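Just below is one structure, and these are the notes that go with it.
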Amino acid sequence: KNEVEQSPQNLTAQEGEFITINCSYSVGISALHWLQQHPGGGIVSLFMLSSGKKKHGRLIATINIQEKHSSLHITASHPRDSAVYICAVRSPTGNQFYFGTGTSLTVIP
Amino acid sequence: EPEVTQTPSHQVTQMGQEVILRCVPISNHLYFYWYRQILGQKVEFLVSFYNNEISEKSEIFDDQFSVERPDGSNFTLKIRSTKLEDSAMYFCASSGGRGGPLHFGNGTRLTVT
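Which chain is which? The protein sequence lines are A and B, in order.
Note that this note's numbering has the first sequence beginning at 72, numbered continuously upward.
Note that this note's numbering has the second sequence beginning at 889, numbered continuously upward.
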C-alpha cells in the first residue's frame, strides 16, 4: 500500500519547457514536502506547504487539501534542474513521514 | 548557512557487526530524524526524536536499531547486528520546530558484506 503516489515516474523535457510533477496522498497530513535529490544522493528541501501555493524562483508548489493532491511546477526548465523530485507527507502528529517513489527529471539542452 | 553533517560518508561492515552512524544536526534545532534509502527504492522514515526520546518510529525500526543524543551536538543511529538488507543510504535530518522545514545531511552509504 502506497500512502503517497507520484506521477510521472520519469520525465524528459527540453530546456525551457514548463514541467509539472504530481503527487497524491491517501493519509491525513499536517504538511507536504517537496524534496530534490541530486545524482550524488544528497537531498534538499524545496517546499513545505499545508495549504495554497508557494513560489521560489522558477519553482511553484500547490496543494489542494480537499483533493489530497499537490503539484510541483518548474518554469523555464534548465539542465541543472535534472534530479529526482520527491513528495513526502508529514503525519498529523508531525513525527511520521511517508515518501513517494520520486520523479526522475532530465532536462535536455 | 548552517548544515547537517553526517559521518562517515561511506561505511563498509561485515554482517553481524555493530555500526554507529553519526550526525551533527543544526545547532539550534530540536527535532531529529533518521531515514534510509535502499538503492533504487524510495526514501523510508525510520525514527523521529525530540526532547531526548523517540517521538515516533516506523515498522523498520526494530530492536536492532537505536538512537541516541549522547551530548549536545551529536545524534547517532546504532545498528546492533547488521544484516545484508541493512545496506542503504542513511540520511539524518533536523528541523527547528515540529512542523518546520527539514534540513538533510548528505547521507552515509552503509554497505554490509
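Every residue gets a Cβ at the ideal spot worked out from N, C-alpha and C, and that includes glycine.
Predicted model, so just to flag it, every value in this text is computed and none were measured.
What does DSSP give as the partner residues of G123(A) in its beta bridges?
On the first sequence, position 52 is the one that residue 123(A) refers to. Answer is I134(A), bridged to G123(A).
What did DSSP end up calling L972(B) once you bin it into helix, strand or coil?
Against the second sequence, residue 972(B) aligns to sequence position 84. The answer is helix: DSSP assigns L972(B) an H, G or I state.
Is there a Cβ of chain B sitting closer than 8 Å to that of N166(A), yes or no?
Along the first sequence, one-based indexing puts residue 166(A) at 95. Chain B, which has a Cβ nearer than 8 Å to the Cβ of N166(A), makes this yes.
Measure the CB-CB distance between S975(B) and V1000(B) and report whether it falls below 8 Å.
Here residue 975(B) refers to the residue found at position 87 when the second sequence is read from its first residue. Here residue 1000(B) refers to the residue found at position 112 when the second sequence is read from its first residue. Going by C-beta atoms, S975(B) is nearer than 8 Å to V1000(B).
List the residues of chain A whose Cβ lies closer than 9 Å to the Cβ of S943(B), in chain order.
Here residue 943(B) corresponds to residue number 55 of the second sequence, with the count starting at 1. Residues of chain A passing the Cβ test: T164, G165, N166 and Q167.
May I ask you to list the residues that DSSP assigns as paired with E76(A)?
Here residue 76(A) refers to the residue found at position 5 when the first sequence is read from its first residue. In the DSSP output, where bridge partners are listed per residue, E76(A) has S95(A).
Taking Y156(A) as the reference, which of I145(A), F168(A), G165(A) and A102(A) has the closest Cα?
Your numbering for residue 156(A) matches position 85 in the first sequence. Nearest C-alpha to Y156(A): I145(A).
Closer than 8 Å by C-beta to L82(A): which residues in its own chain qualify, once you throw out the five before and the five after it? Chain order, please.
Position 11 of the first sequence, counting from 1, holds the residue named residue 82(A). I90, I92, T174, S175, L176 and T177.
Any chance you could list the beta strand (DSSP E) runs of at least 3 consecutive residues sitting entirely within the stretch 901-939 of chain B, in chain order?
907-912, 919-925 and 931-938
Would you kindly work out how many angstroms separate the C-alpha atoms of P110(A) and N994(B), rounded to a whole number?
Within the first sequence, residue 110(A) is the residue found at index 39, counting from 1. Within the second sequence, residue 994(B) is the residue found at index 106, counting from 1. Rounded to the nearest angstrom, the two C-alpha atoms are 12 Å apart.
Can at least three beta-carbon pairs, one atom from the stretch 983-997 of chain B and one from the stretch 908-927 of chain B, be found at a separation below 8 Å?
yes
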